[in-house]
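So the structure is just underneath, and the comments pick up after that.
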Amino acid sequence: MSFRTKLFWVFLITMLVSVSVVGYAVTYYSRSAFEEIDRERTEALVAQFQKEYVQRGEEIARQLDNIIGSEITLKTALDLANPNADQSIYFRDAAGIAQDHGLDFVELVNFQGTLISSAQYPARVGYKEEWVTQVNDWREAGPFLRKEELPDGYDLSLTVVRALPVEKKNLYIVGGKKMDRRLLASLVLPAGMRALLYRNLDPSFSTALLLDSNDTLQNADRFEPLINQIRQQTQPMVKTVDWTGDAADAETFHSIPLLGRNNEVLGALLVGSSRRELVLLTRKIVWIAALVGVAALLIGLILTWWISRRITRPIEELAEGARDVASGRWDRHIDLRGRDEVGQLAGAFNEMTHTLASQKERLVQAERVAAWRELARRLAHELRNPLFPLQITVENLQRARQLSQDQFQEVFNESTATLKAELSNLNAIVNRFSDFSKMPTPRFTRVRVNEALRDAMRLFEPQFNAVGKPPIGTELFLAEGLPEVDADPDLLHKAFQNLILNALDAMPAGGSLKLRTSEHDGKVRIEVTDTGRGLTPEECSRLFTPYYTTKQLGTGLGLAIVQSIVSDHHGTISVSSEEGRGTTFRIDLPLRQSNALVKPAAEEQKLEGTESAKAAAVANQG
Amino acid sequence: MRSIALRWLAVSRRIAALLALFVFACASFSSTKPRYGGALRVELLATSITLDPRGWKPGSRDFATNERLAALVFDRLISLDNYGHFVPQLATEWSHDSSFRRWQFVLRAGVKFSDGQPLTPADAVAAIAPLLPQDLKVSTSGNSLVFQSSEPRPDLLELLASSRFFIYRVLPNGSLLGTGAFTVDETASSSRSAAADSASVTQPPVQHLRFTANESCWAGRPFLNAIDVTLGVPPLRAFFDLQVGKAELVELAPDIVRRANQANTRVWASSPLTLYALRFDEARPQNEKLREALSLSLDRATMAGVLLQKQAEPAAALLPQWLSGYAFLFHAETDFERAKELRASLPANVAGGASPLHLQTDVSGDLARLLAERVAVNARQTGFSVQAPGKTAARDANARSTEPAELHLFAWRIASLSPSEELHLLAKSQHVEEPKENNPADPDRRYAWERKILEERKLMPLVALPDYSGLAPTVRDWQPSPWGEWRLADVWLEPAPAQKPSAPAVNTPTGARP
């Protein structure tokens, strides 16, 4: 990705992130404000409900006080205090009391806890209501919720109990009103809110027990999961219900449990608050943010393109200049003006290229001189050996003119033989230099490296145990299953021969030769280790320089040829040595050669005999 | 002198006493002498009536209302007086063979229908024949009716003296003509005429009926000029109308009776006539232990004593004592502990355990609902789960649940003076199979059959209620039968005194078996 593209994306993302952050912040604070308002409205509604609850309880208590204050109730209490009282005559009294005082539930219970009369469940008369007698002062107890048993089920009652004592025998009057939608109808509901009352009267959820204020509740059965959660809670809880999958139809319910005297959950007030306003507001904000984002994107695209182009153009020129320098154009000059960092960078670049160009020129000249000097030294060295005998022979031949014919003839014959031999040496030297300059181009085929190593070793087996020479031991550590590599088998053979021969030359007093193969990171590694005298670091650094040798009779081309072959195979060669302990040459060859025409191995085998012979000959010359 | 004065004083005292006695006697004579005239205003709970006996459903409360109004228009062959004597009506004499299989009734001569046409034996056969049991055939023989039965029918007099066995003539237009003390005044009756239509006058409901005196009645003209009947009056409204003088005779619901007594209203109560009982659905047979446990859990004493405020009697038999004579031999036991033990021994999957036992009221009204609720409460105390009908379902038969009920609460109103016929009709209506060898006229076998029904708990009696009526103080010679006949032909009205305080309550004692 180009710098301009990166810059473009950075600008663009920055702009989008900025718009998003602003949009999110606005949404977040809007939601917080909305929820705060919602919480306040819910609290107000709950307070309203509690006030209505208390007022209703006070109204019931007032009615019960009126009842126990009446003369007829006193007469009833007096009569019921008599052990032989006919209780049946009061059977209908509770219904009359309930009707007269506007109560939904009224029961008369005698001092023994026996139900004397019941407005809501007359058939239960005669049964015990002992819980009534277990409280000493019902005035302190206040109103409470009660699960009222009815002939056809249960109902939820706000209940007050009053006791009328006569001769220490109380007549209890239990009065109550239904907790029904009348209670909800008295609440003033803000828009978007609703209040529901669930009466927890059955072991399982029932839609009939869920009431709203105006009997318009639909799909009450969908409240079942929410109600089932609420029924387990004795603490207020808040839950959002997603009715349709559309967030605008979701509703947040604040549930306030309604507890009985024993802290059992007898019901729950559910204050539902529609999230429609919030969701629509949020959607509006998101839409606006999206529109602003799109506009910013369009403007940003243009601005970013212009700015990034303006910023990156000098950098691109610098990059192009750098590429030119890398490709060898050392004299690259960038025409940039300005005092900013990029302008300074361009100036430094121009100065650097100028310096590099001049230094390169000097270096090339120096290397060229050094190469010529080395070549001259080697040539002088190589040519001096045959030239000195030639000079002596010619001088002997000039002095021999003064000898007798026979003697001259004998000297002449010896001198011409010597001249021929030394000229032959000169010719051989010239041929070696000629061969080095004409290294063939590799012809790749699939080669088993282990096999190539064994073949190379096989050529030198007579020399390892030659009579009159110290023995040289061989150890092969060839990895099994080594993959084939793309290589020229002849050149590879030649390289291995040169390395083995080099190792033999390094161990004139005998030793051990180790060959090791392995696979590393998709490459095949070949290690040739000898236990010779070793090399100094300086020798190691110059080892692959052509015509450099540490041997008396070496040409200095063997390892240069090896390096040339490895390089032609896109591999690497390195040497590690410790003086007195031995030397290890390490070749890493890639498994596959890219863009190389790989010939089948069978075709190559035809040429194997002749090529390997040639290679052996070349190697032996090193 | 002193003796003369004393003698004079004594004589004058005797004269004063005689004068006072004379004045009192005159006053008494003038107040007890029947007076002709006046219209008796009657208010009934029933919303509809039919005077055609062929359309009456035995055992229903409407049956009694229909019978009371039909008795104004029609006569039977015989009747039973309050002393247990059969009294001739349209039949002047009767006889039977030694085996009680053949009965002969001689028809009264000179009796005419309200349109002036004479009564013939064929009219009587045509009226009675469709109503007779299958084994009983009726035919004419001169001026007599001959009843022939394959089984002995010693109770034929009780049968013919009650229930539907009125004599009437069916006109070609379907109207019924009677020989009774009153005739239906069609012009004064609202809506359609009840007497003129053999079908039930339910749509639209007859709100008002007027019966006028039959001047040519064979038994003589009744004292009342007319009887105005208003139908469908709620119990409390009827009671208030009686108190404020808008009606002279009203039907009272049992739950109003105590209030009426407290208000010093004149209340009449019959013998126990209406039986409330439970029946297990024959199509859903239940475990015997379950039935026994449920029966033992029923607290009949509380039902009668508290819920019905002593206006009813706990019932242990199907037929009341005054009718069967052996009801005292049956006992309704309440034993919660034993019921709990039986309940505990029942398998869990029995009805009333995991699933509730559904109780359905086959009769409408608050009383039936109250009793059903008490049954449910009692059963719940024993460990059963009984689902009683809701208020709406109990008040309105159409609103009842379609869910099949295992238990039914029904009411049966006694209509016949023949215990065998009554037990037969009751058993038939409640789907209780009658033994093949049963002879309904044999009291021993009847007793055995009733005992079998009760012991098997196919039917479980709860309470028996009398009929209650409220009377204005101006109603005189009110001599109803203990089995519910009002006998309004003998009633006369005393002129109402202006602003006279109400008289103390006079409760007519319930009757004994005739």
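From first to last, the protein sequence lines are chains A and B. Final position of the first sequence in our numbering is 982; the numbers increase by one with none missing. Final position of the second sequence in our numbering is 716; the numbers increase by one with none missing. We put the CB at the ideal spot given by N, CA and C, even for glycine. Quick caveat: nothing in here was measured; it's all calculated off a predicted structure.
Residue range of the beta strand (DSSP E) that includes residue i
{"i": "residue 626 (chain B)", "result": "Not the beta strand (DSSP E): residue 626 (chain B) falls in the alpha helix (DSSP H), residues 621-631."}
{"i": "residue 530 (chain A)", "result": "529-538"}
{"i": "residue 748 (chain B)", "result": "This structure cannot speak to residue 748 (chain B), because chain B is shown only from 203 to 716."}
{"i": "residue 562 (chain B)", "result": "559-563"}
{"i": "residue 488 (chain A)", "result": "No beta strand (DSSP E) contains residue 488 (chain A), which DSSP labels as neither H nor E."}
{"i": "residue 831 (chain A)", "result": "Element bounds for residue 831 (chain A): n/a, residue is neither H nor E."}
{"i": "residue 948 (chain A)", "result": "942-950"}
{"i": "residue 617 (chain A)", "result": "611-619"}
{"i": "residue 243 (chain B)", "result": "241-245"}
Test item: CB-CB of residue i and residue j under 9 angstroms
{"i": "residue 480 (chain B)", "j": "residue 664 (chain B)", "result": "yes"}
{"i": "residue 525 (chain B)", "j": "residue 656 (chain B)", "result": "no"}
{"i": "residue 683 (chain B)", "j": "residue 469 (chain B)", "result": "no"}
{"i": "residue 433 (chain A)", "j": "residue 524 (chain A)", "result": "yes"}
{"i": "residue 450 (chain B)", "j": "residue 244 (chain B)", "result": "yes"}
{"i": "residue 273 (chain B)", "j": "residue 653 (chain B)", "result": "no"}
{"i": "residue 474 (chain B)", "j": "residue 515 (chain B)", "result": "yes"}
{"i": "residue 643 (chain B)", "j": "residue 355 (chain B)", "result": "yes"}
{"i": "residue 657 (chain A)", "j": "residue 375 (chain A)", "result": "yes"}
{"i": "residue 677 (chain B)", "j": "residue 695 (chain B)", "result": "yes"}
{"i": "residue 750 (chain A)", "j": "residue 783 (chain A)", "result": "yes"}
{"i": "residue 537 (chain A)", "j": "residue 465 (chain A)", "result": "yes"}
{"i": "residue 742 (chain B)", "j": "residue 518 (chain B)", "result": "An answer regarding residue 742 (chain B) cannot be provided, because it is not within the stretch 203 to 716 covered by chain B."}
{"i": "residue 568 (chain A)", "j": "residue 578 (chain B)", "result": "no"}
Through-space distance from residue j to residue i, alpha-carbon basis
{"i": "residue 649 (chain A)", "j": "residue 626 (chain A)", "result": "48 angstroms"}
{"i": "residue 379 (chain A)", "j": "residue 634 (chain A)", "result": "29 angstroms"}
{"i": "residue 467 (chain A)", "j": "residue 441 (chain A)", "result": "17 angstroms"}
{"i": "residue 875 (chain A)", "j": "residue 807 (chain A)", "result": "17 angstroms"}
{"i": "residue 279 (chain B)", "j": "residue 271 (chain B)", "result": "17 angstroms"}
{"i": "residue 397 (chain B)", "j": "residue 253 (chain B)", "result": "Note that residue 397 (chain B) scores 43 on pLDDT, short of 50, meaning its location in the model is unreliable; the coordinates nonetheless yield the value given after this. Spanning the two alpha carbons is a distance of roughly 6 angstroms."}
{"i": "residue 452 (chain A)", "j": "residue 535 (chain A)", "result": "15 angstroms"}
{"i": "residue 511 (chain B)", "j": "residue 448 (chain A)", "result": "6 angstroms"}
{"i": "residue 724 (chain A)", "j": "residue 732 (chain A)", "result": "12 angstroms"}
{"i": "residue 522 (chain B)", "j": "residue 607 (chain B)", "result": "27 angstroms"}
{"i": "residue 426 (chain A)", "j": "residue 615 (chain A)", "result": "35 angstroms"}
{"i": "residue 575 (chain A)", "j": "residue 575 (chain B)", "result": "29 angstroms"}
{"i": "residue 554 (chain A)", "j": "residue 651 (chain A)", "result": "35 angstroms"}
{"i": "residue 549 (chain A)", "j": "residue 407 (chain A)", "result": "12 angstroms"}
{"i": "residue 424 (chain A)", "j": "residue 247 (chain B)", "result": "36 angstroms"}
{"i": "residue 581 (chain A)", "j": "residue 479 (chain A)", "result": "32 angstroms"}
{"i": "residue 347 (chain B)", "j": "residue 340 (chain B)", "result": "7 angstroms"}
{"i": "residue 263 (chain B)", "j": "residue 477 (chain B)", "result": "11 angstroms"}
{"i": "residue 917 (chain A)", "j": "residue 859 (chain A)", "result": "12 angstroms"}
Limits of the unbroken alpha helix (DSSP H) element including residue i
{"i": "residue 436 (chain A)", "result": "431-440"}
{"i": "residue 642 (chain A)", "result": "636-686"}
{"i": "residue 649 (chain B)", "result": "645-657"}
Nearest-angstrom Cβ-Cβ length linking residue i and residue j, presumed shorter than 8 angstroms
{"i": "residue 907 (chain A)", "j": "residue 734 (chain A)", "result": "6 angstroms"}
{"i": "residue 428 (chain A)", "j": "residue 522 (chain A)", "result": "5 angstroms"}
{"i": "residue 771 (chain A)", "j": "residue 763 (chain A)", "result": "7 angstroms"}
{"i": "residue 546 (chain A)", "j": "residue 412 (chain A)", "result": "5 angstroms"}
{"i": "residue 432 (chain B)", "j": "residue 410 (chain B)", "result": "6 angstroms"}
{"i": "residue 390 (chain A)", "j": "residue 642 (chain A)", "result": "7 angstroms"}
Handout entry: Interfacial residues, the segment 501-526 of chain A to chain B, with Cβ spacing under 7 angstroms
Key = 511, 512
Practice task
Output, in sequence order along the chain, the residues in the segment 450-461 of chain B whose CB is closer than 9 angstroms to any CB in chain A.
Solution key: 457, 460, 461
Practice task
May I ask you to list, following chain order, the residues of the segment 483-497 of chain A that have a beta carbon less than 9 angstroms from some beta carbon of chain B?
Solution key: 483, 484, 485, 486, 487
Handout entry: the segment 552-579 of chain B: positions lying closer than 9 angstroms to chain A by Cβ
Key = 571, 572, 573, 574, 575, 576, 577, 578, 579
Practice task
Using a Cβ-Cβ cut-off of less than 7 angstroms, list which residues of the segment 510-533 of chain B approach chain A; keep chain order.
Solution key: 511, 512
Problem - Near-chain A residues of the segment 489-512 of chain B (beta-carbon distance less than 8 angstroms), N- to C-terminal order - result: 501, 504, 507, 508, 509, 511, 512
Handout entry: Residues in the segment 434-467 of chain A having any Cβ partner in chain B nearer than 9 angstroms
Key = 446, 447, 448, 449, 451, 452
Handout entry: Interface residues of the segment 604-620 of chain B facing chain A [CB-CB below 8 angstroms]
Key = none
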